[in-house]
Each structure stands twice: as C-alpha cells, then as structure tokens.
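Notes follow the structure.
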Amino acid sequence: MVSLRCCAMQFRKWRASLRVITVFIFLAIFAYDANWNVLTFSRTSGVPVTPWVYPAVFSDRYLMMCICLAVMVLFCDAPFLDRHQPYLILRSGRGHWALGTAGYLLASSVVVSASIFLMGMLLGMDTLTFSTGWGSVLQSVAGKSIIPTRILALYSPLAACGLALLLSSLIFCFLGLLFFLCNLLAPPVVGTLAVGAFCVLDFFSLFFLHDAPWLLHLSPVSWANLNQLGTTGWPTVTYALSMLVGLNGVLLCLIVLRCRRMDIQVTHSEMGR
Numbered sequence: 001m002v003s004l005r006c007c008a009m010q011f012r013k014w015r016a017s018l019r020v021i022t023v024f025i026f027l028a029i030f031a032y033d034a035n036w037n038v039l040t041f042s043r044t045s046g047v048p049v050t051p052w053v054y055p056a057v058f059s060d061r062y063l064m065m066c067i068c069l070a071v072m073v074l075f076c077d078a079p080f081l082d083r084h085q086p087y088l089i090l091r092s093g094r095g096h097w098a099l100g101t102a103g104y105l106l107a108s109s110v111v112v113s114a115s116i117f118l119m120g121m122l123l124g125m126d127t128l129t130f131s132t133g134w135g136s137v138l139q140s141v142a143g144k145s146i147i148p149t150r151i152l153a154l155y156s157p158l159a160a161c162g163l164a165l166l167l168s169s170l171i172f173c174f175l176g177l178l179f180f181l182c183n184l185l186a187p188p189v190v191g192t193l194a195v196g197a198f199c200v201l202d203f204f205s206l207f208f209l210h211d212a213p214w215l216l217h218l219s220p221v222s223w224a225n226l227n228q229l230g231t232t233g234w235p236t237v238t239y240a241l242s243m244l245v246g247l248n249g250v251l252l253c254l255i256v257l258r259c260r261r262m263d264i265q266v267t268h269s270e271m272g273r
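First residue of the sequence shown? That's 1 in the numbering used here, and the numbers climb one at a time after it.
What follows is the structure in structure tokens.
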C-alpha cells in the first residue's frame, strides 16, 4: 500500500508537467502517422476499418525508435527526485519508495503504450467499426508498408494487440528502470547515453549491420516487432518475453539494493521543482 501511494504521487505530477504534455503530443503525432494511410483508404473507399493497426506500429522500426526516444524524455530524470521526495522517502522507507517508483515506471509504460492504441481509435472515430476479425480494409492494405501480412496470418487481432501491448510496455519499463539505476550510480549523462544507445540500436542494426542475429538478440527495442519475431536470425516471442521479464527483474533488484545502501541526495535544481 505504501508503494502504491508513492506510485500515485508520481502520476499526480503529470497535470503540471510540460514535459509529459509534450511527450503525449508527440505520441499523438506518431499515432496519426501510423494510422493515416489506413484511415485515408477507409474514407476513400467508404468501407469502415477495424482498430487493429496497433500491432503494426511497433513493427515499423523507425516509428518504434521515435516512440522509444519519447519514452526516454519521459523517464530521463528517474527516480524523479524533487523537494517532496526526501519526506516521502522518510515516511515510506527506501525500499517501499524504490518499489513505488518502479511501479510508476511500469504503470506509465502501460499508459504510454495503450495511449497509442486509443489515439489511433480517436483519429478514426468517423470510419471505425468493431469486429473480432481484422476486417476487409486491413486485409486489403496488408503487405503495402502499412500492416505486415505475417501479423494477420499468425495472430488474431486481440492476440496481436495484447502481445504488442505487453511487449512494448515491458520494453518501455526496461528503459525507465535502466535510467533509474544509472542515475543512482552515475551522473545523468551516463543514463542518457545508455538508454539512448538502446533506443537507436534496432535502427542501427537494420541500416548498418544488416540485422546481425547476435545484435537482435541483445536489442530489447527489437522485441516488439511481431512481424519479425520468430523469423530467421530473430529471437522468438518466448525469448523476448522471458528476457524482458528477466531484465526488468534484475534491474529492479539492483535498484532496491542500491537504494537501501546509499544516501539519496536532492540537488538545488531538483529542490526547485
């Protein structure tokens, strides 16, 4: 319960955060970019479209990199020390505070991922229809650089969306926890470089290393790509899920251990927030 209160306190800061507002504006732009072709086709043809473009968002490697960079901006100052945090740490204890902050990173990762889906739905409200199938529009545009045919062939819409939500949320949480740990151990620039490297690693692999299998197995940002997971040289879905859960678990343990053994200091710039 104490950890949940710490988590809730972080969410309450969103209302007055220009950075959070900016991040979600960019997420809306990314959602518009991902859905624009499908919605245009639907409106032109007069055939309603189902809201299942969402899994394809994370199979667009440039778009996924941009989304991860937006998440990086959202989490860059983890563990979010400000003038309120010393009192919160004293009241809740370092362990509960660390767990609450990690819980916030996970919950906000789910919010970010789900918001991309919801924004896509809102953009297409005038031409949207609900169905448990992919629908004729998505089947018509499949394979035309809009939504991969392989996703439609391997997954049902609900399974694809659920798996995309789970994988992307775990990836965003990994980036947040990595920021958290790096900022506890080193100057902020170290966390920025480490997380930034992971954000661009998949895009780098595509254009410079021709998707080297060894690198794809070390690139968590690549693991939400349902179009490629399980193909030659790529990790499987089971590998991706297992590694993401394991990495997040290891980072969480290291964070809790570090928080219990160190003096957490708030700088003058953080006190002014």
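Heads up, the beta-carbon is just placed ideally off N, CA and C, and yes, glycines get one too. From a predicted model like this one, the values you see are computed outputs, not experimental measurements.
The beta carbon of GLY135 lies closer than 8 Å to those of PRO48, VAL49, THR50, TRP52 and THR129 in the same chain, with the five residues before and after it left out.
When secondary structure is reduced to three states using DSSP, VAL245 falls in the helix class.
If you compare the alpha carbons of CYS76, ALA78, ALA164 and THR149 with that of ASN225, the shortest gap goes to ALA164.
Distance from the CA atom of LEU81 to the CA atom of ILE116, rounded to whole angstroms, is 28 Å. Using a Cβ distance threshold of 9 Å, PRO157 and ASN227 do not count as a contacting pair. The residue from SER17, TRP97 and CYS173 with its alpha-carbon nearest to that of LEU4 is TRP97.
In the three-state DSSP reduction, ILE146 falls in the coil class, being neither helix nor strand. Residue nearest to MET121 within the set GLY249, LEU215, TYR104 and ASP33 is ASP33 (criterion: CA-CA distance). Secondary structure within the stretch 61 to 102: not one fully enclosed beta strand (DSSP E) run of 3 or more consecutive residues is present. The beta carbons of GLY191 and PHE179 sit about 5 Å from each other, so the pair counts as a contact at 8 Å. In this structure PRO220 is not in contact with ILE151, their Cβ atoms being roughly 20 Å apart against a cut-off of 8 Å. Beta-carbon to beta-carbon, LEU175 and PHE198 are separated by about 7 Å, close enough to satisfy the 8 Å threshold. Taken atom to atom, the span from the alpha-carbon of PRO235 to that of LEU90 is near 43 Å. Where ALA212 is concerned, there is no enclosing alpha helix (DSSP H), because DSSP gives it neither an H nor an E. Counting only runs of 4+ residues, the alpha helix (DSSP H) found wholly inside the stretch 162 to 245 occupies 188 to 208 and 213 to 216, in chain order.
DSSP places VAL47 in the coil class of the three-state scheme, outside both helix and strand. ALA56: member of the alpha helix (DSSP H) spanning 54 to 57, first to last residue. Beyond the five residues adjoining it in sequence on each side, SER205 comes within less than 8 Å, by CB distance, of ASP211, ALA212, LEU215, LEU216, SER219 and SER222 in the same chain, given in chain order.
The beta-bridge partner set that DSSP reports for LEU154 is empty.
Straight across, the Cα-Cα distance linking TRP14 with VAL38 is about 32 Å. Partner residues in the beta bridge of LEU128, as assigned by DSSP, are VAL49. Between the beta-carbon of VAL237 and that of MET72 there is about 25 Å, and that puts the pair past the 8 Å contact cut. In summary, TYR104 is buried, with 16 or more beta-carbon neighbours lying within 10 Å of its beta-carbon over all protein chains present.
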